[in-house]
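S.K.: Residue numbers (the working numbering): 76 to 580.
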Amino acid sequence: MKKFVPFVLLALLLVSGAEAENQLVYRSDFSTSEDGWYARSAGGAAVSLTADDSLLIEGRTSDWNSPGRNFDLQPGQEYQLSVQVRQTEAGEARFMISIAHSVGGVESYENLGAAMAKKGEWTTVNGQYTAGAFDQYVLYVETTGAAALSFEIKDFTVTQRVIEENADPLPALKDIYAEKFDFGTAVTYYEAINKQRMDFYATQFNIFTPGNELKPDSVLDIKESKKLAAGDETAVAVHFDAAKPLLDYAKEHGLKVHGHVLVWHQQTPDAFFREGYSTSKPYVTREVMLARLENYIKAVMAYMEENYPGVIVSWDVLNEAVDDGAAKLRSSKWLTIVGEDYPARAFEYARKYAPEGTLLFYNDYNTALEPKQTGIVNLLKDLIAEGNIDGYGFQMHHDLAFPGNEQIEKSLQRIAGLGLQLRVSELDVTVPDHTDDTLQRQAKKYAAIMKMLDEYTDRLLAVQVWGVTDDLSWRAPKYPLLFDKDFQPKPAFWAVADPASVEEK
Ligand code: XIL
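Next comes the structure, spelled out in structure tokens:
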């Protein structure tokens, strides 16, 4: 097959049982034509076929002068690349597989792999590329420090990591729990731009949280804020480039989004807290910081209301504000600069600017542990008294061995007793390996958690896993999720789908 295999064809191959994880989607063939390859140059360089069925480039005057070819890549998809190169003019030379991609006519470049080729020897150059969201992709083979070198290429191959379709359709978690709560997952940018992935996710989940893309380090536009600060220190500029693909997908398909997160001590640029948004200047005053916080929340809410009305149903207003080792607020720039009432102010502003009906959450981890649990309860009580909080999100980043089920149960009881709405916002369960036995034990832990949650369906709005396939998890080395890297459901998936089927030991 010479040309890029269209996706539909690939899908058919899969359904008919093709196993290969890495599917060949292109191999160059220079036996009869240039196969779509051309010389990238400002004039001068030219490609031609050789008697050896390779492609020769001559007349180069710059390293980027290269054989190149347009490819129809799928955003978010992972590709493995490989090519054979040979040169006969230098002792050795360095070759790279590179890509020129463009969106809206603006071209940018990445180097995807490199190798040294000795004189006269066919040498393999390998590369890897996860496609960004562009409308044109040109793969090419260039040199470094060998601008005038002529060289040949052959066997340029592109393979793709494909999502294997499951032979039998899986039961859908969102349908199983439809009467009780929403079932969701975190999704990051590269997943969100991958339509094939998203279409699969949408079969299982009805609510999505951007894994990173609505955090202040993705949203704050420091460069623009800096400019604005020259006239008004309290002004804040925001942008949503990273979050757009997920928001667009959700809007288009009628799916819900849970926003994460407005105020956090992590993934928030230090410049946000500084005069003139400059990391070399002193921290701003409490008054300026509060005004920035208000303006930030206002800008985020206004953008969402204008562009994605109704899509974001709830927000983590505040994340992880409680100390790990004592029942108090953790030390952070928010605490130092604003003071003890920064959580209350964040909820006040969120309530002020969020569209009516948007639910506002405090979100934290290790809820099952003391003294942190008491710190969380104290904070929640204060926030409840202020009247601007709707619920608590249990992250539930758990491990097979920890925390114990009784501890988790107790924390659910205690927090539920406060009268708030609840979410499980970031569920995953790490395990040390992926032997059958371990994966069964992981399934048991998931089942136990789901059984506990069943007691709280009157106030539980959503259960969300923190990712779908193990390979893309933030804790990937510990296989924490419901699907393996090839999209096959793990025992944990079946346990969540039907907790009653899993026996307690
Ligand atoms: C994690 C993301 O999954 C990672 O990609 C990132 O590098 C770090 O943050 N608690 C939270 C989430 O509230 O925002 C964190 O997400 C995981 C822990």
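Each residue gets a CB set at the ideal place from its N, CA and C atoms; glycine is no exception.
Only a predicted model underlies this, so the values are computations on that prediction, with no experimental measurement involved.
Using C-beta distances below 6 Å, list every residue in its chain close to E217, excluding the 5 sequence neighbours before and after it, in chain order.
M.R.: Hits under 6 Å: D138, W139, S141, M171 and S173.
S.K.: Only counting the same chain, and skipping five residues up and downstream in sequence, which positions put a Cβ closer than 6 Å to that of Y352?
M.R.: Once the five neighbours on either side are set aside, the close Cβ partners of Y352 are I297, S300, K301, A304 and A346.
S.K.: Using the three-state DSSP reduction, which class does P81 fall into: helix, strand or coil?
M.R.: Its pLDDT being 39, under 50, P81 is placed unreliably by the model, and the measurement read from it follows with that caveat. Reduced to three states, the DSSP call for P81 is coil.
S.K.: For V452, count the other beta carbons within 10 Å of its own beta carbon; 16 or more makes it buried, fewer makes it exposed. Which is it?
M.R.: V452 should be labelled buried.
S.K.: What ranges does the beta strand (DSSP E) occupy inside the region 129-158, keeping only unbroken runs of at least 3 residues that lie completely in it?
M.R.: 130-133 and 141-146, all fully within the region 129-158.
S.K.: Just to confirm before moving on: does the CB-CB distance between L475 and Q517 stay below 8 Å?
M.R.: Yes.
S.K.: Could you check where the beta strand (DSSP E) with T219 kicks off and where it finishes?
M.R.: Element bounds for T219: Q211 to T219.
S.K.: Report back the beta-carbon spacing between V499 and F477 to the nearest angstrom; my notes put them in contact at under 8 Å.
M.R.: V499 to F477, Cβ: 17 Å. No contact.
S.K.: Among the residues of its own chain, which have a CB less than 6 Å from the CB of E578, if the five just before and after it don't count?
M.R.: None.
S.K.: Which same chain residues, not among the five before or five after V90, have their C-beta less than 7 Å away from its C-beta?
M.R.: Caution applies to V90, whose pLDDT of 34 falls short of 50 and renders its modelled position unreliable; the model cannot decide the point.
S.K.: Measuring straight from C-alpha to C-alpha, what distance separates Y113 and D147?
M.R.: Straight-line Cα distance between these residues: approximately 16 Å.
S.K.: Kindly indicate which three-state DSSP category G351 falls into: helix, strand or coil?
M.R.: Reduced to three states, the DSSP call for G351 is helix.
S.K.: What's the call for E167, buried or exposed, on a 16-neighbour Cβ count within 10 Å?
M.R.: It is exposed - the Cβ of E167 has fewer than 16 other Cβ atoms within 10 Å.
S.K.: Taking 8 Å as the limit between beta carbons, can you name the residues of its chain near L87, skipping five residues before and five after?
M.R.: In this prediction, L87 scores a pLDDT of 36, lower than 50, which makes its location untrustworthy; the coordinate-derived value is nonetheless stated afterwards. Excluding positions up to five away in sequence, the list is empty.
S.K.: So which of N394, S106 and E415 has the shortest CA-CA distance to L435?
M.R.: When each option's Cα is compared against that of L435, the closest is N394.
S.K.: Give every residue of the same chain whose Cβ lies closer than 6 Å to the Cβ of P81, excluding the five residues on either side of it in the sequence, and list them in chain order.
M.R.: Unreliable positioning characterises P81 in this predicted model, as indicated by a pLDDT of 39, which lies under 50. The coordinate reading is nonetheless provided below. For P81, where only same-chain residues beyond five positions count, there are no Cβ hits under 6 Å.
S.K.: Taking the alpha-carbon positions, what's the E288 to Y264 distance?
M.R.: Going by the C-alpha atoms only, they are around 7 Å apart.
S.K.: To which residues does DSSP link S389 through a beta bridge?
M.R.: DSSP output for S389 lists H333 and L434 as bridge partner(s).
S.K.: Is the distance from the Cβ of Y531 to the Cβ of L487 below 8 Å?
M.R.: Contact flag set, yes.
S.K.: Where does M471 fall in DSSP's three states?
M.R.: M471: coil per DSSP, three-state reduction.
S.K.: M191 and R169: beta carbons closer than 8 Å?
M.R.: For M191 and R169, yes; Cβs fall inside 8 Å.
S.K.: Tell me, which residues are paired with E185 by DSSP?
M.R.: Looking at the DSSP assignment, E185 forms a beta bridge with I174.
S.K.: Rounded C-beta distance between A443 and Q482? I'm assuming under 8 Å.
M.R.: About 4 Å separates the two Cβ atoms, so the contact holds.
S.K.: For the region 190-256, which segments carrying the beta strand (DSSP E) assignment without a break, of at least 3 residues, lie completely within its bounds, in sequence order?
M.R.: Runs found: 198-205, 211-219 and 226-236.
S.K.: Assign E327 to buried or exposed, taking buried as 16 or more other Cβ atoms, counted over all protein chains shown, within 10 Å of its Cβ.
M.R.: Flag for E327 reads exposed.
S.K.: Comparing the CB of Y227 with every heavy atom of the ligand XIL, is any distance shorter than 7 Å?
M.R.: Per the sequence shown, the amino acid found at residue 227 is Glu instead of Tyr. E227: no, Cβ never under 7 Å from the ligand XIL.
S.K.: In three-state DSSP terms, what is S44?
M.R.: Nothing in the structure corresponds to residue 44, since the chain is present only between 76 and 580.
S.K.: Buried or exposed for T284, going by 16 or more other Cβ atoms inside 10 Å?
M.R.: Label assigned to T284: buried.
S.K.: Start and end of the alpha helix (DSSP H) containing L368?
M.R.: Where L368 is concerned, the enclosing alpha helix (DSSP H) stretches over R361 to N382.
S.K.: What number of angstroms, rounded off, separates the C-alpha of V237 from the C-alpha of P150?
M.R.: Each residue's Cα considered, the two are about 13 Å apart.
S.K.: Please classify L99 as buried or exposed, where buried requires at least 16 other C-beta atoms within 10 Å of its C-beta.
M.R.: So L99 ends up on the exposed side.
S.K.: Taking one C-beta from the region 413-424 and one from the region 452-465 each time, how about it: are there three or more such pairs within less than 8 Å?
M.R.: The region 413-424 is in contact with the region 452-465.
S.K.: Is the region 566-574 touching the region 308-323, taking contact as three or more C-beta pairs under 8 Å?
M.R.: Judged by Cβ distances under 8 Å, the region 566-574 makes no contact with the region 308-323, as fewer than three pairs qualify.
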